[in-house]
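Residue numbers (mature numbering (1 follows the signal peptide of the UniProt record, and there is no 0)): -24 to -1, 1 to 334.
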Amino acid sequence: MKKFNRLIICTLFLSFYILNSINGEFCVAYNCPKGVNRTSFYTEISVKYPFRLKDQQNKSCGVPGFDLYCDKTLGTLIQVPNNLVFRVDDISYSYPNYITLSDPTNCLPRKLMSLNLNDTPFTAGNIDKIWLYNCSRDDYSRYDRIDCLSGPNYTVICSGYDSSVLASSNCSFVQILNVPKSYYSRYSGYLKIDLTWTGFPTPPPPPPPSRPPRPPIYYSNSGNSTTIGYLPGILGGAFAILVIYLCYSQHCSNRTAQATTTTTTANANTTSVVVVVGGLDQVTIDSYPVVVLGETGSVLKSDDDTCSICLSSYQPRETLKILPECLHRFHKDCIDQWLRSKGVCPICRTSPPITSSH
């Protein structure tokens, strides 16, 4: 039985490994929500190769640098160097490839001040060069005011190079930004930016030559993960387990039938030894030898001075009964009562023989 259990466990592990390997070639396309309070024709973002949801899809389903996250409140998110997190508002997988990003905190200009695309697979295409100034007065209405960067006592404005602003004692130069060109003419109106990736990343490696190549298969899935099984593999594994079980059952049946029809000859006087699982009859019990302890109560073995049934020590003149096969000794009354209900030795579970004459 133990060997059979080990075989079943090994088969299950092997089936799991095979199915896991097969499932690795299938990539599930997820539909991740855009988040609450987002106005758009589409309410979900379809995430598929080269992008992948980092916590829900295998690494083979995407390319490094294209990892996305799905948040029920904020929507689909992407993290770029400098720990900048952007919300994904749209992805185009057809030429020209692009991804549209916005800021979950609604201050995209602040994010663009730290944006660096050098260590990402994305490019910005056309670039706008914008100068930022910090002014202590708010009388620069002809310039583009960035409210989310301004404070009660200062105003952040942006424009191209302007010598009059630089010459003003009320303004100080902050930074020159190279930002992706937007549809908006004013920098303060930047709500979204479009990035693209040059060329299409290398797809996952093809299957081994021993079987025909299969391109990645995408399935639609909204929200939670759904396990995609590979039906032939599952059926094959179940069939293998069933065959092993049937073979083992047949083997056990044959052994049981053989044990039932087998008899053991004890000697040439046609005395048969029968192994009994239930209790013994009184004639057989009375046939086992007994011994009466002497006045000293000593026994042949120093470690055999207690009855294993009643746990009492042997006393002088007590009658002990000895089981023939294993030679274990007990109080006569204790072992007689035991053998009437159980035909085995209480210590070693050896079945005393029943001797019957033909």
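Ideal Cβ positions, reconstructed from N, Cα and C, are used throughout, including at glycine.
Bear in mind that the values here come from a model prediction, so they are computed numbers and not experimental data.
Checklist line | Boundaries (first-last residue) of the beta strand (DSSP E) holding Lys87 | finding: No beta strand (DSSP E) contains Lys87, which is instead part of the alpha helix (DSSP H) from Leu84 to Ser90.
Check: How should Pro292 be labelled, buried or exposed, when 16 other C-beta atoms within 10 angstroms of its C-beta is the threshold for buried?
Finding: exposed
Checklist line | Range covered by the beta strand (DSSP E) that runs through Ser78 | finding: Tyr74 to Ser78
Next item on the list: Run the CB neighbour count on Phe98, radius 10 Å, all protein chains shown included, and call it buried at 16 or more, exposed below.
Entry: buried
Notebook entry, point to check: Per DSSP, Phe306 forms a beta bridge with which residues?
Noted result: Lys297
Margin query: Which residues does DSSP list as the beta-bridge partners of Arg63?
Written below: Leu53 and Ser78
Note to self: Once DSSP output is grouped into helix, strand and coil, what is the label at Cys37?
What the structure shows: helix
Note to self: Measuring alpha carbon to alpha carbon, tell me which residue in Ser144, Cys3 and Trp173 is nearest Gly41.
What the structure shows: Trp173
Check: Can you check whether the CB of Ser90 is closer than 7 angstroms to the CB of Asn58?
Finding: yes
Next item on the list: Check whether the Cβ of Pro265 lies closer than 7 angstroms to any Cβ atom in chain C.
Entry: Reference to chain C is not applicable here, since this structure consists of a single protein chain.
Check: What is the DSSP secondary structure of Ile323, reduced to helix, strand or coil?
Finding: coil
Checklist line | Coil, strand or helix - Gly127 by DSSP | finding: strand
Next item on the list: Please look up how many angstroms separate the CB atoms of Val132 and Leu108, rounded, as I've assumed it's under 8 angstroms.
Entry: 6 angstroms
Check: Under a three-way DSSP split, which group does Arg118 fall into?
Finding: coil
Item checked: 6 angstroms Cβ shell around Cys302 - same chain, five flanking residues per side excluded -> Cys321, Cys324 and Thr326
Next item on the list: Determine contact between the stretch 281 to 288 and the stretch 256 to 265, defined as no fewer than three beta-carbon pairs at a distance below 8 angstroms.
Entry: no
Checklist line | Cut-off 7 angstroms between Cβ atoms - residues of its own chain near Ser201, not counting five sequence neighbours on either side | finding: Reliability of the predicted coordinates at Ser201 is poor, the pLDDT of 39 falling under 50, and no value is obtained from them.
Margin query: Can you check which of these residues, Asn129, Leu44, Ser68 and Val150, is closest to Phe62 by C-alpha distance?
Written below: Leu44
Next item on the list: Could you please give the first and the last residue of the uninterrupted beta strand (DSSP E) stretch that includes Gln151?
Entry: Cys147 to Pro156
Check: In the structure shown, what three-state DSSP assignment does Thr172 receive?
Finding: strand
Checklist line | Endpoints, beta strand (DSSP E) assigned at Asp104 | finding: Ile103 to Cys111
Check: Can you pull the DSSP bridge partners for Val132?
Finding: Asn110
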